[in-house]
Amino acid sequence: MKFVIVAFLNILTSMNVFAAKDTFSKSEIVYPLGKQEIVKFLNLLKDPINQKVTNLQNAPVTFQEIPQEGSAVFSIGPESYLLYLNDLNNDGNKEYLLTYLHSGSGDYSGIEGAYTINNGKVTSLNLDKIIVKNLFPNGDMSRFHSYLAKPFVVRVDRKIYLRFQDQPSAKNIFTYFWHESEFKKIDL
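Sequential numbering from 28 applies to the sequence shown in this note's numbering.
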């Protein structure tokens, strides 16, 4: 097991998961949360009222901390994740955004879900349905971008944007603005 974790860490290091691959002027990178904040979120999911909110397995969790950013990648079983907390849908309140990394044979990355917490209750924001409604009215998301861009979450002029790519090495970055039930592609 230790070899698998070390191999995974080597892959992350070589990919430089959080490094910007393009110039995104006037932006501030929003980094994923660190281990302590992730543990708090995962502990909330153990409460019986929250157990069906995510697809995360109830299995041992391992962490790889990224000290220079205060972030951490966490793994549950074979899957790896990042967790963000910010005003991701630009409504004035903070939301959690859970992303997955290195999934499947294509080594895909994407959004697992978006959540709010109120009095210990975790609620899904159904971001997948918001994306489908706004970008794919026919319900077929198979043509949505398969990878998170690096950096994925950025702040420009106090607004948060989410960025995607069609291929990990692609130069084209697709930027989206999420506000409440709207999710739209924008040019910055």
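Ideal Cβ placement from N, Cα and C applies to all residues, glycine included.
These figures come from a predicted structure and were not determined experimentally.
Euclidean distance between Cα positions of residue i and residue j
{"i": "E55", "j": "Y203", "result": "15 Å"}
{"i": "D167", "j": "Y188", "result": "23 Å"}
{"i": "T50", "j": "A176", "result": "With a pLDDT of only 41 at T50, under the threshold of 50, the placement of this residue in the model should not be trusted, and no figure is reported."}
{"i": "D134", "j": "R190", "result": "17 Å"}
{"i": "T81", "j": "V149", "result": "9 Å"}
{"i": "N161", "j": "I76", "result": "30 Å"}
{"i": "V304", "j": "I213", "result": "Absent from the model: residue 304. The displayed extent of the chain is 28 to 215, so no value can be given."}
{"i": "E122", "j": "I157", "result": "15 Å"}
{"i": "N70", "j": "Q78", "result": "10 Å"}
{"i": "I144", "j": "S151", "result": "9 Å"}
{"i": "R185", "j": "K198", "result": "25 Å"}
{"i": "P59", "j": "I200", "result": "19 Å"}
{"i": "E96", "j": "Y127", "result": "18 Å"}
{"i": "S173", "j": "L215", "result": "21 Å"}
Close beta carbons around residue i, own chain, < 7 Å, minus the five adjacent residues each side
{"i": "K62", "result": "F90, E92, A99"}
{"i": "K53", "result": "V183"}
{"i": "D74", "result": "G147"}
{"i": "K211", "result": "N161, Y203, F204"}
{"i": "V159", "result": "G166, M168"}
Where residue i falls, given that 16 or more other Cβ within 10 Å makes a residue buried
{"i": "N6", "result": "With the chain covering 28 to 215 only, the question about residue 6 has no answer from this structure."}
{"i": "H206", "result": "exposed"}
{"i": "P164", "result": "exposed"}
{"i": "Q192", "result": "buried"}
{"i": "A4", "result": "Here the chain has residues from 28 to 215 only, and residue 4 is not among them."}
{"i": "S169", "result": "exposed"}
{"i": "S196", "result": "exposed"}
{"i": "Y111", "result": "buried"}
For residue i, the nearest candidate out of the options (CA to CA)
{"i": "S136", "options": "I76, T81, F171", "result": "F171"}
{"i": "G218", "options": "G97, G147, K198, P105", "result": "The structure shown does not extend to residue 218, since the chain spans only 28 to 215, so no value can be given for it."}
{"i": "E139", "options": "E96, L109, L215", "result": "L109"}
{"i": "D155", "options": "Q192, S208, F101", "result": "S208"}
{"i": "Q194", "options": "H129, K160, F210", "result": "H129"}
{"i": "N113", "options": "V180, K211, I213", "result": "V180"}
{"i": "N153", "options": "S196, L125, S107, S173", "result": "L125"}
Proximal residues to residue i (C-beta, below 6 Å), its chain only, five neighbours per side dropped
{"i": "K48", "result": "Reliability fails at K48, whose pLDDT of 40 lies under 50, so the model's placement of it is uncertain and no value is given."}
{"i": "Q84", "result": "I103, G104"}
{"i": "A86", "result": "I103, G104"}
{"i": "K67", "result": "none"}
{"i": "K101", "result": "Inspection of the sequence shows that residue 101 is occupied by Phe rather than by Lys. I65, V88, F90, Y108."}
{"i": "V57", "result": "N113, V180, R182"}
Contacting residues, own chain, Cβ-Cβ under 8 Å from residue i (five flanking each side not counted)
{"i": "G119", "result": "none"}
{"i": "L72", "result": "Q78, V80, T81, L83, V149"}
Practice prompt. Report the residue ranges of all alpha helix (DSSP H) runs contained in full by the segment 87-163; include only those spanning at least 4 residues, in chain order.
Written response: 154-162
Practice prompt. Quick one: which unbroken alpha helix (DSSP H) runs of 4-plus residues sit fully inside the segment 161-196? Chain order, please.
Written response: none
Worksheet entry | Ordered list of alpha helix (DSSP H) runs contained in the segment 60-86, each at least 4 residues | If one requires a minimum length of 4 residues, the alpha helix (DSSP H) runs lying completely within the segment 60-86 are 62-73, in chain order.
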